[in-house]
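Accompanying notes for the structure given below.
2 protein chains.
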Amino acid sequence: MTMIDIAKAAGVSLTTVGRVVRKKGYVSREKREAVEEVIRKTGYVPNLVAQGLKSSRTGLIGHLTVLNPNMLYEQISKSINRAAAQRGYQVLTYAADLEDQNTADLLDELIGRRVDGIAITSNPQLDQTLLQKILVQNIPLVMVERTLNVKRTDRIVVSDYRGAYTAVQHIIRHGHRKIAFIGKFADQDVENRRLNGYKAALRAAGIAEDKTLIELRRNYGVEEGSAAAERLLELPSRPTAVFMTSDLFACGFLQACYRRKIRVPDDISLVGYDNTLSMMLSPPITSVSLGLDDLGSDVMELLLSRMNDGLIEGRQVANSTSLIDRGSVRLL
Amino acid sequence: MTMIDIAKAAGVSLTTVGRVVRKKGYVSREKREAVEEVIRKTGYVPNLVAQGLKSSRTGLIGHLTVLNPNMLYEQISKSINRAAAQRGYQVLTYAADLEDQNTADLLDELIGRRVDGIAITSNPQLDQTLLQKILVQNIPLVMVERTLNVKRTDRIVVSDYRGAYTAVQHIIRHGHRKIAFIGKFADQDVENRRLNGYKAALRAAGIAEDKTLIELRRNYGVEEGSAAAERLLELPSRPTAVFMTSDLFACGFLQACYRRKIRVPDDISLVGYDNTLSMMLSPPITSVSLGLDDLGSDVMELLLSRMNDGLIEGRQVANSTSLIDRGSVRLL
DNA sequence: CTGAAAGCGCTAACAC
DNA sequence: GTGTTAGCGCTTTCAG
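Respectively, the protein sequence lines represent chains E and D. In terms of our numbering, the first sequence opens at residue 1 and continues consecutively. In terms of our numbering, the second sequence opens at residue 333 and continues consecutively.
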């Protein structure tokens with residue numbers, strides 16, 4: 001079934017069928033109805049591949065991401081998929097989790113498929129050279145969270161510093177002074193920003209930094225959170241509150257508490273980060289939301305505007321974090 | 333940059349470039365190297381859209397799914413994406429969560445994009461008429477979990493009955509007799525199979541069914557689990573164990589327990605389902621794993637074999653469930 | 001308002 | 001071994 005078949009069956013030309021299918025251009029009512037009738041009867045579906053070749057517009061957005069252990073990946077994907085669908089685009093998600101698929105090949109496939117735009121979320125393996133290839137092809141590009149400063153490329157950054165700061169401030173306002181920090185080793189800026197937010201909040205409150213209260217782990221993960229908790233809970237003078245840079249840590253921390261029959265927030269106060277799992281835990285934990293609901297829309301809007309004008313200078317959008325209070329911090 | 337440009341630059345014909353790009357057919361070493369050189373220099377990337385049009389093979393798999401509240405959706409997507417990538421395919425995921433996007437339109441887009449195969453996972457809005465369209469186009473189709481018996485279409489079913497049966501049997505073997513059930517109203521067969529598994533296990537152990545111990549909820553969800561727990565925990569003669577058909581219910585149940593300072597498994601024993609969140613809870617909960625790791629491979633293998641021979645009769649593969657014991661059932 | 005014609009970039013016979 | 005040629009199914013000027 002092709003447009004030509006439809007044209008023949010309806011007794012019109014190929015062009016007319018095209019106009020009806022795309023609802024564009026003038027077609028007399030009779031002819032239109034004739035064509036529509038045939039289309040309905042035959043169950044004809046336009047070939048988007050051919051359309052894409054001819055119009056060099058595929059309606060596809062490439063999303064390059066990395067499968068991280070926390071649930072962030074799914075949230076981000078969901079948000080982008082949804083926003084894209086609402087705007088008539090479909091997302092092709094490439095997860096660079098395997099060693100055998102290197103980022104360069106992935107990008108080549110994206111380019112080969114002639115996607116109309118590319119979103120890269122927190123991929124650590126990026127460098128200017130790789131991105132250059134995309135830019136040369138003039139494909140709109142937006143980078144999320146882990147961003148490089150590249151010409152004519154938009155960035156969406158998460159205000160991690162503020163997020164951490166606000167969380168710790170919240171704890172301090174509840175009267176806590178011995179506040180522990182569980183985070184990940186700073187491979188990337190993200191982790192540093194969170195740690196800095198924590199330190200700044202302490203400083204602002206005139207609380208001296210206590211190195212024994214800072215627990216840095218190799219990875220995000222439940223086990224890691226549990227292990228960190230084991231150490232912190234053994235401390236001669238135990239912290240009264242803990243700020244963790246991932247809800248996964250909070251999961252693990254709570255498991256350790258459960259084993260020791262330590263109650264939250266009665267015996268210790270906790271604040272998580274990501275707002276992914278915190279609402280599901282026992283008890284639900286106050287957590288920093290990264291405001292990812294709008295992320296997809298932001299991504300798509302940046303991409304779409306750049307499709308219209310590829311020459312605009314690189315813009316930067318900050319996704320603002322907010323604290324979701326679930327009462328897991330006790331008033332001292 | 334097209335193949336013709338490369339051909340000119342390398343002083344060979346279009347065909348020769350094609351042979352080099354596709355690594356197929358005879359090309360003398362000199363010419364090949366010349367072509368490869370030019371490709372490298374220019375950063376040429378073959379146009380997969382044109383390839384797709386010409387070869388009517390897009391390397392795309394369409395995945396039609398529905399965004400459910402439990403984490404199953406992500407697990408399934410991940411599994412399929414990964415299996416597809418390993419076989420050189422890319423997945424286009426369509427989530428029919430919005431009312432405005434009806435399944436028929438989604439299917440049309442999949443057909444329009446000329447995907448090489450379609451996987452439909454637990455979509456409740458399916459009917460023969462819709463599927464007919466896919467079959468007419470001769471696109472390999474595999475349905476997961478919620479399946480219809482359609483000619484020349486493969487099915488992957490989850491052995492929910494066995495899963496539930498095994499879970500309840502596990503509880504019974506630990507000496508429990510008052511075992512509650514939290515499930516979802518039976519919109520679909522899935523829910524019934526789980527309830528039936530529960531009932532059958534009780535029957536096999538000679539335990540009379542107690543209607544007050546069966547709690548059916550409108551939806552899967554944390555809140556729902558919590559509400560169910562509130563009722564069950566108020567019962568004059570409280571159950572000693574609870575089997576729930578979703579880890580989300582278990583989350584909610586644990587929150588209710590936490591509020592009442594009821595400990596698991598000391599005061600009550602719990603078993604979840606899905607094995608999605610159970611490992612993250614406090615305490616970790618014994619749960620039924622749906623064995624989704626292999627799901628993607630199964631899907632792809634069924635699809636690939638049908639691409640080779642579209643006439644094979646519909647096959648059925650059963651994904652076997654297994655109980656992951658985390659000690660949340662106490663020995664009475 | 002409608003149609004004829006020229007490709008989009010690539011593949012696959014088929015000839016040389 | 002290598003090149004010529006004819007499309008895949010559609011969009012888009014440009015005439016009528």
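Glycine included, C-beta positions come from ideal geometry on N, C-alpha and C.
Closest by C-alpha distance to residue i, when choosing among the options
| i | options | result |
| --- | --- | --- |
| E/Ser269 | E/Asn102, E/Leu254 and E/Leu148 | E/Leu254 |
| D/Arg389 | E/Ile61, E/Asn47 and E/Arg57 | E/Asn47 |
| E/Arg162 | E/Leu332, E/Leu323 and E/Ala104 | E/Leu323 |
| D/Val482 | D/Asp657, D/Glu645, D/Asp519 and D/Leu545 | D/Glu645 |
| E/Glu311 | E/Lys199, E/Ala208 and E/Arg152 | The amino acid occupying residue 311 of chain E in the given sequence is Leu; Glu does not appear at that position. Ranking E/Lys199, E/Ala208 and E/Arg152 by Cα distance to E/Leu311 puts E/Arg152 first. |
| D/Ser411 | E/Arg330, E/Ile76, E/Ile134 and E/Leu67 | E/Leu67 |
| E/Arg177 | E/Ile262, E/Leu202, E/Lys261 and E/Glu191 | E/Leu202 |
| D/Arg419 | D/Asp657, D/Val661 and D/Gly628 | D/Gly628 |
| D/Ser652 | D/Asp606, D/Ile546, D/Ser558 and D/Gln383 | D/Asp606 |
| D/Asp519 | D/Leu548, D/Phe513 and D/Ile511 | D/Leu548 |
| D/Gln460 | D/Arg445, D/Ala436 and D/Tyr405 | D/Ala436 |
| E/Gly225 | D/Met612, D/His395, D/Leu442 and D/Ile594 | D/Met612 |
| E/Asp309 | E/Ser237, E/Cys257, E/Arg326 and E/Asp154 | E/Asp154 |
| E/Arg146 | E/Ile262, E/Arg193, E/Thr166 and E/Asn138 | E/Arg193 |
| E/Glu230 | E/Lys211, E/Arg260 and E/Arg218 | E/Arg260 |
| E/Val264 | E/Pro236, E/Arg22 and E/Arg326 | E/Arg326 |
| E/Ile139 | E/Met1, E/Met307 and E/Asp210 | E/Met307 |
Cβ separation of residue i and residue j, assumed to be a contact under 8 Å, to the nearest whole Å
| i | j | result |
| --- | --- | --- |
| D/Leu473 | D/Ile450 | 5 Å |
| D/Gly375 | E/Val35 | D/Gly375 to E/Val35, Cβ: 43 Å. No contact. |
| E/Ile156 | E/Asp266 | Actually they are not in contact, since the Cβ atoms of E/Ile156 and E/Asp266 sit about 39 Å apart, beyond 8 Å. |
| E/Lys133 | E/Leu107 | 6 Å |
| D/Leu480 | D/Ile511 | Wrong, their Cβ atoms sit about 33 Å apart, outside the cutoff. |
| D/Tyr590 | E/Ser305 | Not quite, the Cβ-Cβ distance comes to about 48 Å (not below 8 Å), so this is no contact. |
| D/Leu442 | D/Leu396 | 7 Å |
Cβ-based burial, residue i [other Cβ within 10 Å; buried from 16]
| i | result |
| --- | --- |
| D/Glu566 | exposed |
| E/Phe249 | buried |
| D/Lys516 | buried |
| E/Ala204 | exposed |
| D/Gln648 | exposed |
| E/Ser28 | exposed |
| D/Gly507 | exposed |
| E/Tyr220 | buried |
| E/Pro239 | buried |
| E/Asn102 | exposed |
| D/Gln457 | exposed |
| D/Leu706 | In this structure chain D extends from 333 to 664, so residue 706 of chain D is not present and cannot be described. |
| E/Asp247 | buried |
| E/Ala366 | Nothing about residue 366 of chain E can be reported from this structure: the residues present for chain E run from 1 to 332 only. |
| D/Leu634 | buried |
| E/Asn81 | buried |
| E/Leu332 | exposed |
| E/Ile6 | buried |
Pair within 8 Å by beta-carbon distance, residue i and residue j
| i | j | result |
| --- | --- | --- |
| E/Gly206 | E/Ala164 | no |
| E/Leu232 | E/Val242 | yes |
| E/Cys251 | E/Leu277 | yes |
| E/Ser122 | E/Val144 | yes |
| D/Val603 | D/Ser660 | yes |
| E/Ala228 | E/Ile182 | yes |
| D/Lys363 | D/Thr347 | no |
| E/Ile61 | E/Val20 | no |
| E/Val38 | E/Ala10 | yes |
| E/Gly112 | D/Val377 | yes |
| D/Val381 | E/Gly18 | no |
| E/Ile76 | E/Leu292 | yes |
| E/Gly59 | E/Tyr89 | yes |
| E/Glu74 | D/Glu406 | yes |
Q. Where in the stretch 544 to 596 of chain D do unbroken runs of the beta strand (DSSP E), each at least 3 residues long, occur, reported from the N-terminal end onward?
A. With a minimum length of 3 residues, the continuous beta strand (DSSP E) runs that stay inside the stretch 544 to 596 of chain D are 546 to 549 and 573 to 576.
(Q) My parser needs the beta strand (DSSP E) runs of 3 or more residues fully inside the stretch 22 to 95 of chain E; what are they? (A) 60 to 65 and 90 to 95, all fully within the stretch 22 to 95 of chain E.
Q: Report the residue ranges of all beta strand (DSSP E) runs contained in full by the stretch 107 to 194 of chain E; include only those spanning at least 3 residues, in chain order.
A: Along the length of the stretch 107 to 194 of chain E, whole beta strand (DSSP E) runs at least 3 residues long occupy 117 to 121, 141 to 144, 154 to 158 and 179 to 184, reported in chain order.
Q: Entirely within the stretch 271 to 312 of chain E and at least 3 residues each: give me those beta strand (DSSP E) ranges in chain order.
A: Considered as a whole, the stretch 271 to 312 of chain E harbours 286 to 289 as its complete beta strand (DSSP E) runs of no fewer than 3 residues, in chain order.
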